[in-house]
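Here's the structure, in structure tokens; my notes come after.
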Amino acid sequence: MARRRGWRRRRNRRSAVAGVALLVAVLVVFWSRTWPFVLAAAALGGLAALVWWGWRTHREIRRRDEVFRAEQRVLDANRTLEEVDKLHWRDFERMVAALLREGGCTEVEWVGQGGDRGRDVTGVLPDGRSMVVQCKLFATHRSVVSGDMQRLLGARTNFTADVAIFVTNTRFTTDAEKYAKDNEIVAIGRNLLASWLKGATLESLLEIGSGGQGDRRHLTEWNKAYGKTSRRRRQKRAS
Numbered sequence: 580m581a582r583r584r585g586w587r588r589r590r591n592r593r594s595a596v597a598g599v600a601l602l603v604a605v606l607v608v609f610w611s612r613t614w615p616f617v618l619a620a621a622a623l624g625g626l627a628a629l630v631w632w633g634w635r636t637h638r639e640i641r642r643r644d645e646v647f648r649a650e651q652r653v654l655d656a657n658r659t660l661e662e663v664d665k666l667h668w669r670d671f672e673r674m675v676a677a678l679l680r681e682g683g684c685t686e687v688e689w690v691g692q693g694g695d696r697g698r699d700v701t702g703v704l705p706d707g708r709s710m711v712v713q714c715k716l717f718a719t720h721r722s723v724v725s726g727d728m729q730r731l732l733g734a735r736t737n738f739t740a741d742v743a744i745f746v747t748n749t750r751f752t753t754d755a756e757k758y759a760k761d762n763e764i765v766a767i768g769r770n771l772l773a774s775w776l777k778g779a780t781l782e783s784l785l786e787i788g789s790g791g792q793g794d795r796r797h798l799t800e801w802n803k804a805y806g807k808t809s810r811r812r813r814q815k816r817a818s
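What follows is the structure, given as structure tokens:
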């Protein structure tokens, strides 16, 4: 059976080659009569390819414009942390994409679908470095742990990105902060996110983002707003 299939493939291949050779021979012999038709067919083929390319390009431009407008609408409607906390995780990722684009990044794309392999947003920073971004929208009493960052580290390696950025609406544990520093992950926690929403430059966030929480003043504000609530919830769960 295998021999028969192999013989058929060789026969079909020889038939195809013979057909092409015959067509070329006919064109050469009758070139004076067939050249107008050959040129017309080539012109029509080129025109069809050009129309197809234009249609595909136009469709891609429209898709990107729709995505951009959707992301910008989410960002414009959610400029405070209280509003951000109520977002769906998809809208949170779209908002981060809009913030990055607003900060001068190019080729920004929201990837956050099934099989994103640890990258929710990709793009190129204003200085030309490629980036992968992971976003986590948590309840405000929760904290990001080091395990939440591991997929991002893998994504930076898999996609050979220059910079890995982790953005969340909550804060990082001490272990997560250390993990981010040891692995050169830019960690943008709740307080830095608040500054970003209010107009802080992306460049400034990249400079201080290794700490995740911001400076001591930011951490003090966090403890005033959420420290007691978090302790009460932990005590309630323990009881």
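Converting from the sequence shown to this note's numbering requires adding 579 to each position, the first position being numbered 1. For each residue, glycine too, the CB sits at the ideal point set by N, CA and C.
Next on the checklist: Cutting at 8 Å between CB atoms, please list the residues of its own chain near Ala621, excluding the five before and the five after it.
Outcome noted: Numbered from its first residue, the sequence shown carries residue 621 at position 42. Excluding sequence positions up to five before and after Ala621, its CB lies less than 8 Å from no other CB in the same chain.
Checklist entry - How is the alpha helix (DSSP H) around Gly733 delimited, first residue to last? => result Counting from 1 along the sequence shown, the entry for residue 733 is found at position 154. Element bounds for Gly733: Gln729 to Asn737.
Item to check | Residues of its chain near Arg795, where Cβ-Cβ distance is below 7 Å and the 5 sequence neighbours each way are ignored | outcome: For this step, residue 795 is matched to residue 216 along the sequence shown. At Arg795 the pLDDT is 49, less than 50, meaning the model places this residue with poor confidence; the figure from the coordinates comes in the next sentence. Around Arg795: no qualifying Cβ.
Checklist entry - How many Å lie between Val630 and Leu776 at the Cα? => result Taking the first residue of the sequence shown as 1, we reach residue 630 at position 51. Taking the first residue of the sequence shown as 1, we reach residue 776 at position 197. Cα-Cα distance, rounded: 43 Å.
Checklist entry - Counting Cβ pairs, one atom from each stretch, are 3 or more of them under 8 Å apart for the region 752–760 and the region 662–674? => result Counting C-beta pairs with one atom in each stretch, the region 752–760 and the region 662–674 have fewer than three that are closer than 8 Å, which means they do not touch.
Next on the checklist: Which same chain residues end up closer than 7 Å to Lys715 when comparing Cβ atoms and leaving out the 5 residues on each side of it in sequence?
Outcome noted: As a first step, residue 715 is located in the sequence shown; it is residue number 136 there, counting from the start. For Lys715, where only same-chain residues beyond five positions count, the Cβ hits under 7 Å are Val723, Asp727 and Thr747.
Next on the checklist: Considering only their Cβ atoms, is the gap separating Met710 from Ala759 smaller than 7 Å?
Outcome noted: Position 180 of the sequence shown, counted from the first residue, corresponds to residue 759. Position 131 of the sequence shown, counted from the first residue, corresponds to residue 710. Taking 7 Å as the Cβ cut-off, Ala759 and Met710 do not qualify as a contacting pair.
Item to check | Cβ separation of Arg698 and Val690, assumed to be a contact under 8 Å, to the nearest whole Å | outcome: Within the sequence shown, numbered from 1, the residue matching residue 698 stands at position 119. Within the sequence shown, numbered from 1, the residue matching residue 690 stands at position 111. Indeed they touch by this definition, with Cβ atoms about 5 Å apart.
Item to check | Integer Cβ distance of Ala773 from Leu660, believed to fall under 8 Å | outcome: Stepping through the sequence shown from its first residue, residue 773 is reached at position 194. Stepping through the sequence shown from its first residue, residue 660 is reached at position 81. Yes, they are in contact, since the Cβ atoms of Ala773 and Leu660 sit about 5 Å apart, within 8 Å.
Next on the checklist: Are there any heavy atoms of the ligand ADP lying less than 6 Å away from the beta-carbon of Asn591, as far as the coordinates show?
Outcome noted: Ligands in the displayed structure: none, and consequently the ligand ADP is not present.
Checklist entry - Between Gln729, Asn737 and Ala734, which lies nearest to Asp761 when the distance is taken from Cα to Cα? => result Within the sequence shown, residue 761 is the residue found at index 182, counting from 1. Comparing Cα-Cα distances from Asp761 to each of Gln729, Asn737 and Ala734, the minimum goes to Gln729.
Item to check | Residue nearest to Phe738 in terms of C-alpha spacing, selected from Arg680, Arg721, Val703 and Cys684 | outcome: Taking the sequence shown and counting its residues from 1, one reaches residue 738 at position 159. Checked all of Arg680, Arg721, Val703 and Cys684; the closest Cα to Phe738 is Val703.
Item to check | From Phe745, Gly624, Ser783 and Trp668, residue whose alpha carbon lies closest to that of Thr701 | outcome: For the purposes of this step, residue 701 is taken as residue 122 along the sequence shown, with counting starting at 1. For the residues Phe745, Gly624, Ser783 and Trp668, the minimum Cα distance to Thr701 belongs to Phe745.
Next on the checklist: Can you tell me where the alpha helix (DSSP H) holding Phe745 begins and where it ends?
Outcome noted: Taking the first residue of the sequence shown as position 1, residue 745 is located at position 166. No alpha helix (DSSP H) holds Phe745; the beta strand (DSSP E) holding it covers Val742 to Thr747.
Checklist entry - Alpha carbon to alpha carbon, how far is Thr719 from Asp664? => result Taking the first residue of the sequence shown as position 1, residue 719 is located at position 140. Taking the first residue of the sequence shown as position 1, residue 664 is located at position 85. Each residue's Cα considered, the two are about 8 Å apart.
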